[in-house]
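Novice:
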Amino acid sequence: MVVWMVWDVNMDGRANVLDLIAIAQHWNEHGEPAWIRADTNHDGIINVLDLIVVAIHWTG
């Protein structure tokens, strides 16, 4: 079984620019909490808080 971390938006095993791009593609969109992988903090909106989650786990 493979478990993906919430900060790995594109599921490649790393926190990097590709995850930031995935978040940017949905910037300021709203939905139910955790409605898409870009909602890394599960608050229902794609914003800077989601970027921070990726940044904390940055692997480059």
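For reference, each letter of the sequence shown is one residue, going 531 to 590 in my numbering.
Glycine residues also receive a C-beta, built at the ideal position from the N, C-alpha and C atoms.
1. Would you check if the distance between the CB atom of Ala552 and the CB atom of Trp588 is smaller than 8 Å?
2. Spatial neighbours of Leu548 within its chain, please: C-beta separation below 6 Å, excluding the five flanking residues on both sides.
3. CA-CA distance, Gly574 and Asp580?
4. Have a look at His556, Glu562 and Gly590 and flag the residue whose alpha-carbon is nearest the alpha-carbon of Val578.
5. List the endpoints of the continuous alpha helix (DSSP H) containing Ala554.
Specialist: On the basis of the supplied data:
1. no
2. Asn540
3. 10 Å
4. His556
5. Val547 to Ala554
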